[in-house]
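Each residue of the sequence shown is one higher than the one before, counting from 436 in my numbering. Have a look at the structure below, then the notes.
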Amino acid sequence: MVEDGSFGAVDQNGNWDGLIGALTSGSADVALAPISVNAERESVVDFTVSFYDLVGSTILMRKPVVQYSLFKFTQVLEWPVWLCLLAAYIVMSTTLWLVDRISPYSYTNSRKRTMTQEN
């Protein structure tokens, strides 16, 4: 573990810091870290050949079993949300029905009023 915690970069004087600096100064014999290989680093230290190459790697997974249902849309929201929506629907429907029954401007009440005025 190096003090600055870096993998290594070269400064203006050509000195390296981090793990590459520890290797070039001789204070470390081996560095084990996910150091990216570039031309600058490869010119001062030797890198091993990668034993794990991502090219051509494949991850195999079992195809998921899909269950079809007519009520699949209900899984979009959780049950408490559906219950709150149902309760809001019932409360609003009841409120609108009561307002329609009480209001003198509703269709039913205005029809009754016009019928009594005609007689």
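All residues carry an ideal CB built from backbone N, CA and C; glycine is no exception.
Item	Value
Integer-rounded CB distance, given that A444 should sit under 8 Å from G453	7 Å
Nearest neighbour of M436, chosen from A522, V465 and T529 [CA to CA]	V465
Outcome for A457 when other beta-carbon atoms lying within 10 angstroms are tallied against a minimum of 16	buried
Distance, S538 Cα to S545 Cα	9 Å
Cβ neighbour criterion (16 or more within 10 Å) applied to R536	exposed
Test item: CB-CB of V484 and I455 under 9 Å	no
First and last residue of the uninterrupted alpha helix (DSSP H) at V516	W514 to I537
8 Å contact criterion, which A468 and F442 should meet: CB distance rounded	6 Å
Residue environment, R497, which counts as buried when at least 16 other CB atoms sit within 10 Å	exposed
Identity of the residues DSSP links to V445 by a beta bridge	W451
C-alpha gap between F506 and L512, whole angstroms	12 Å
Inter-residue Cα distance where the pair is S460 and I494	42 Å
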